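Step one of this worksheet: look at the structure below.
In full-length UniProt numbering, the protein residues as written are 1 to 376.
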């Protein structure tokens, strides 16, 4: 039904549009086509409203907060109270039902899955949750987080197989949600049960020394506050710091590697004055690296004119950190374009790899946290 109706509606709309531009039939033919299209649209809209009203009727059974709190017992109770003989959502045409489910929010889609077992299977389909997952979590979840989830899925499968083989003490086999489904992944993050690596802008924001920097941490979501619990790795003998941060201070890891590893700078030959960059820096070699924002500047002997500038051909690159006041020892640093490696000392710290910022989104994220006062 879906394969037939979708092309038909698209063809109908295209055909009507062509008729209005080059009429070769009586006007009533075009008007009739528009009427048919509008009737189809009204059917879908009224069906959507009816399904939402059905969803509201089970709200009292599902006493959840603003975010999704998934209670299996509530779902099972709702499933067992289907009045016999009445029409259900599943009686809708296939195309209308698919369009309706695609328009539901995550919370509404979850509640709709509690109406019946058939709807539960349909409402947990990957194609329905893929968009919700991407819109909410893709900005903070990177490859390292996905690998951690895959490892958890693998361990759950092993545990499930062990249970089915007999378990302990006559315990019934544990039957979890499909561990590899997007719905399960969404549920685990939303509930805060799954923590994953990410990077935090302005670590410990009350500490001025971390301004315009980004550090690795382990985060988990708190749906009550719509913020994240953040746990930083230990620095030397210092105990791990923990804080709660909002969405705009979190990003997925920019480099898929350990924060203790030196980043291989593969962009040095492509750096020109005015380019935006991030550079690794750490206090001493026992600490993990953080990323600091800067720009490529001109060398001292450059006239700073675009048509006369040869800084991009020089073996030395001048990096400027304009968030620091003129005269500050952190204001700038020189690096070798061809033989760049970790440099520094115990007093000023050690700077390492460099990555060029190539998108407006990356640059904009730094500009949004720019300090109004110059740092010393």
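The C-beta atom is built at its ideal place from N, Cα and C for all residues, glycine as well.
These numbers come from a predicted model, not from an experiment.
Taking C-beta to C-beta, are residue i and residue j nearer than 8 Å?
i           : j           : result
residue 336 : residue 359 : no
residue 261 : residue 295 : no
residue 253 : residue 198 : yes
residue 228 : residue 221 : yes
residue 369 : residue 212 : yes
residue 319 : residue 297 : yes
residue 250 : residue 200 : yes
residue 361 : residue 325 : no
residue 149 : residue 214 : no
residue 281 : residue 289 : yes
residue 122 : residue 92  : no
residue 265 : residue 312 : no
Within 10 angstroms of its Cβ, does residue i collect 16 or more other Cβ (buried), or is it exposed?
i           : result
residue 131 : exposed
residue 247 : exposed
residue 193 : exposed
residue 327 : exposed
residue 96  : buried
residue 216 : buried
residue 234 : exposed
residue 112 : buried
residue 175 : Residue placement at residue 175 is poorly supported in this model, since its pLDDT is 46, which falls under 50; the coordinates are not used for a value here.
residue 263 : buried
residue 310 : exposed
residue 147 : exposed
residue 98  : buried
residue 307 : exposed
residue 124 : buried
residue 90  : exposed
residue 258 : exposed
residue 408 : Missing from the structure shown is residue 408; the chain here goes from 1 to 376 and no further.
Using C-beta distances below 8 Å, list every residue in its chain close to residue i, excluding the 5 sequence neighbours before and after it, in chain order.
i           : result
residue 356 : 267, 270, 271, 275, 276 and 277
residue 314 : 299 and 337
residue 332 : 297, 318, 319, 320 and 321
residue 140 : 198, 219, 228, 247, 250, 251 and 252
residue 371 : 211, 212 and 323
residue 334 : 316, 317, 318 and 319
Which residues in the same chain as residue i place their Cβ atom closer than 7 Å to its Cβ, once the five residues preceding and following it in sequence are excluded?
i           : result
residue 143 : 256
residue 243 : 204 and 230
residue 303 : none
residue 189 : 137 and 221
residue 1   : Annotation note: pLDDT 44 at residue 1 (below 50); position unreliable, coordinate value reported separately. Result list for residue 1: 93, 94 and 95, in chain order.
Residues in the same chain with beta-carbon distance under 6 Å from residue i, minus the five sequence neighbours each way, listed in chain order, please.
i           : result
residue 186 : 129 and 133
residue 182 : 126, 129, 130 and 133
residue 366 : 293
Which ranges would you report for the alpha helix (DSSP H) in the region 103–158 if only whole runs of at least 4 residues count?
With a minimum length of 4 residues, the unbroken runs of alpha helix (DSSP H) contained wholly in the region 103–158 fall at 106–112, 117–123 and 126–137.
Does the pairing of the region 283–291 with the region 340–357 give three or more beta-carbon distances under 8 Å?
Between the region 283–291 and the region 340–357 there are three or more C-beta pairs closer than 8 Å, enough to call the two in contact.
Unbroken stretches of the beta strand (DSSP E), 3 residues or longer, contained in the region 329–356
You should have 332–336, 343–345 and 349–356.
Ignoring anything shorter than 3 residues, give me the beta strand (DSSP E) runs that lie fully in the region 184–234, in order along the chain.
196–201, 213–222 and 227–231
Of all the beta strand (DSSP E) runs that stay within the bounds of the region 233–302, which reach a length of 3 or more residues?
242–245, 276–282 and 290–297
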